[in-house]
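Numbering (my numbering), first residue to last: 13 to 587.
I have placed the structure first, in the form of structure tokens, so that the comments after it can refer back to it.
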Amino acid sequence: MSLLVVGLSHRSAPVSVLERASLAADAKVKLLHDTLAAEPATEATVLATCNRIELYADVDKFHAGVAELSTLLAQHSGVGLEELTPYLYVHYEDRAVHHLFSVACGLDSMVVGEGQILGQIKDALALGQELHTAGRLINDLFQQALRVGKRAHSETGIDRAGQSLVTFGLEQLAVHVPVGEWAAGKRALVIGAGSMSSLAAATLARVGVAEIVVANRTADRAERLAEILVASGTGVSAVAVPMARVADELTRVDLVVSCTGATGLVLTADDVLAAVSWGAAPDPAPQTPAGLEERGAAPDPAPQTPPATAGRYPLAGLELADVVARLAAAAEGGRRLADAGAARTISAPVEADGCPVGPDGRSALTGVDANSLELHGTWADQGEAAAQRQPRRSTRTQARPTAVRLALLDLAMPRDIDAAVHRIPGVRLVDIESLAEASADAPMAADVDAVRGIVAQEVAAFGAAQRAAHITPTVVALRAMAAEVVAMEVARLDGRVPDLDERQRAEVTQTVRRVVDKLLHAPTVRVKQLASEPGGAGYAEALRELFDLDPQTVASVSRADAADPMNDDDPGRAS
13 MSLLVVGLSH
23 RSAPVSVLER
33 ASLAADAKVK
43 LLHDTLAAEP
53 ATEATVLATC
63 NRIELYADVD
73 KFHAGVAELS
83 TLLAQHSGVG
93 LEELTPYLYV
103 HYEDRAVHHL
113 FSVACGLDSM
123 VVGEGQILGQ
133 IKDALALGQE
143 LHTAGRLIND
153 LFQQALRVGK
163 RAHSETGIDR
173 AGQSLVTFGL
183 EQLAVHVPVG
193 EWAAGKRALV
203 IGAGSMSSLA
213 AATLARVGVA
223 EIVVANRTAD
233 RAERLAEILV
243 ASGTGVSAVA
253 VPMARVADEL
263 TRVDLVVSCT
273 GATGLVLTAD
283 DVLAAVSWGA
293 APDPAPQTPA
303 GLEERGAAPD
313 PAPQTPPATA
323 GRYPLAGLEL
333 ADVVARLAAA
343 AEGGRRLADA
353 GAARTISAPV
363 EADGCPVGPD
373 GRSALTGVDA
383 NSLELHGTWA
393 DQGEAAAQRQ
403 PRRSTRTQAR
413 PTAVRLALLD
423 LAMPRDIDAA
433 VHRIPGVRLV
443 DIESLAEASA
453 DAPMAADVDA
463 VRGIVAQEVA
473 AFGAAQRAAH
483 ITPTVVALRA
493 MAAEVVAMEV
503 ARLDGRVPDL
513 DERQRAEVTQ
523 TVRRVVDKLL
533 HAPTVRVKQL
543 ASEPGGAGYA
553 EALRELFDLD
563 PQTVASVSRA
573 DAADPMNDDD
583 PGRAS
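See the structure below:
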């Protein structure tokens, strides 16, 4: 086994680098094809999630493999090799197995113990199988990782050590209020209908939101998810809308969870500013024109058009873009506009002089002129700069329960929601980076030690199985040679004793085979046991040398095994 993994994760790289290095679906395919085209690799697959990008390969040369895999990751991620290299980690052979098994158990996740990684490992294996880049080693490794992850969750309380990224994100949005109490009766918008978005929608229904709107580029997937939510028995109301309706829905929801595969922003600062500036917080039964039409009621005689629909927001006679530009100019001196650090809300009262916008930023925005908004931006920057000079505290400690007009949870990588929305009064944003900061202070369960013990056991067992499997082609070649010897001697006997009848010939042949099998049984069983131990790789070579086995015969057996890597027991199908 010459397993090599080269990658980066939330533990080794800042989110800004992970975001830039994220791989689209077509980039994964090209990466795997190029990996196999490279000389050191014979099989490979890639595990790419919000928090990690890891390339697994079976290589015949360690140093050449590290150089080639690192270069390929840089090429396909779009981040230069010199910039990417400081954040890369490398694991080889048993250490690589240990790493993947730890990942499968949730020990290396941002939220320790979360189970979503199992589905992502299954997807990585399926991709390698679909592209025929996963051979015997990758198949065995990833299938065993799925088994180890399931074992950890079934035999320990690792689930108590952590939770899904969705639940953890909702906790950060709720601050010091129980999630169920905070979410009760809220109207939520879920953008995306993939696995993470579906989990988010199911979690929202479970914690008690009143209504969920699902927006997705593929309408039938959004409709299917909405149907599943309605049929879930949670009592939640769910409806699917096209992506073109997202701006309208923003004006009526309390909470947004976004996780799409988009390469650009799904929600800009303009979108969010326009939405929160459109009237007060939504009523349980929204009375907007669209909401009335959906419920069969007649709209007001002269309904107003939400700014998200109009495409522009009149504020003191200025275009929305002009207002945002002035805010950005006012904030430029503080260098904080694009900061995506902690969970952010700029609506809490701060003891500072001269801010023209009151603590209730949402209601105070209406009618404020551009000069006042510039002053507010400067004032907010000064407040954040002062906060930075204080001793660093965790996200949970920094956040204070305040009136929030719109709560945003961005689980996408690269990000779906513009980080600049944290400057909008009444908006609270939690994203991957703020979750990483908050998870550093998350409590660890005692069961984590038990899971580490399981991982150690499984790594030893996997290594032993792989070493034993490595000698199997030699044992098969030995038995094939013995069978040829038996056949040749029986044929010679037929020439010397032609008068033997069929029964006598069959008895002689069977006797010779039994003798050969008994002579080979003990050494072949013992050599497999010895080969499974650390340092046992040399026994296969010794066996080939002692019995003068043809290397081509051994190689042909190995190729036959590699051509059929699939096992009947495929746990990935049930993950």
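Glycine included, each C-beta is placed from N, C-alpha and C at the ideal position.
Since we're looking at a predicted model, the values are computed, not measured.
Look at N63 here: in three-state DSSP terms it is coil, with no helix or strand label. Per the coordinates, the alpha-carbon of W194 lies some 27 Å from the alpha-carbon of D282.
Of the other Cβ atoms in all chains shown, fewer than 16 fall within 10 Å of the Cβ of T523; this residue is therefore exposed.
The Cβ neighbour count for G507, taken over all protein chains shown within 10 Å, is under 16; the residue is labelled exposed. Closest option to S34, judged by alpha-carbon separation, among D46, H45, L20, L44: L20. The criterion of a C-beta distance shorter than 7 Å is satisfied by L81 and V18. When the beta-carbon positions are compared, I203 and T57 stay at least 7 Å from each other.
The C-beta distance from A287 to T263 rounds to 5 Å, short enough to fall under 8 Å.
With a cutoff of 7 Å on beta-carbon distance, S210 and L237 are scored as near each other. Within a 10 Å sphere around the beta-carbon of Q541 sit fewer than 16 other beta-carbons, which makes this residue exposed. Remark: C-beta atoms of G161 and L130 approach each other more closely than 7 Å. The Cβ-Cβ distance between D266 and R199 falls below 7 Å. Comparing C-alpha distances from V71 to each of E55, D443, I65, A116 shows the shortest one belongs to E55. Secondary-structure assignment with DSSP links N228 through a beta bridge to P254.
Going by beta carbons, G192 and G220 fall inside the 7 Å limit. Here the alpha carbon of A252 sits roughly 6 Å from the alpha carbon of V225. Cβ neighbours of E223 within its own chain (closer than 6 Å, five residues either side excluded): R199, S249. Under the criterion of beta carbons closer than 8 Å, A116 and I133 qualify as touching, at roughly 6 Å. Taking 4 residues as the minimum length, the alpha helix (DSSP H) runs contained wholly in the region 169-225 are 170-173, 177-186, 191-195, 207-219, in order along the chain. Selection E105, A554, S28, V124 evaluated against Y99 yields S28 as nearest (Cα-Cα).
Here P535 has no same chain residue with a Cβ atom under 7 Å from its own Cβ, once five neighbours each way along the sequence are excluded. Of the candidates R427, D430, P426, I436, I436 places its Cα closest to the Cα of A415.
Residue pairing by DSSP places S270 opposite I203, D422 in a beta bridge. Sixteen is the threshold: when 16 or more other Cβ atoms of the shown chains lie within 10 Å of the Cβ of V439, as they do, the residue is buried. Here S89 is buried, its C-beta having at least 16 other C-beta atoms within 10 Å. When Cβ pairs closer than 8 Å are counted between the two stretches, the region 424-433 is seen to touch the region 270-285, the count reaching three or more.
For G465, there is no enclosing beta strand (DSSP E); the residue is found in the alpha helix (DSSP H) stretching over 459-508. In this structure, A450 sits near Q184, with a CB-CB distance shorter than 7 Å.
In the structure shown, A25 falls within a coil segment according to DSSP collapsed to helix, strand and coil. Comparing alpha carbon positions, the residue from L139, V102, Q156 closest to F113 is Q156. Considering only I170, S176, L216, the residue with the shortest C-alpha distance to G197 is L216.
According to DSSP, G125 shares a beta bridge with no other residue. Note on geometry: alpha-carbon atoms of A256 and G276 lie some 16 Å from one another. Assignment of beta-bridge partners to Y68 by DSSP yields V17, T57. Runs of alpha helix (DSSP H) with 4 or more residues, each lying fully within the region 81-142, are found at 93-96, 106-116, 128-142, listed in chain order.
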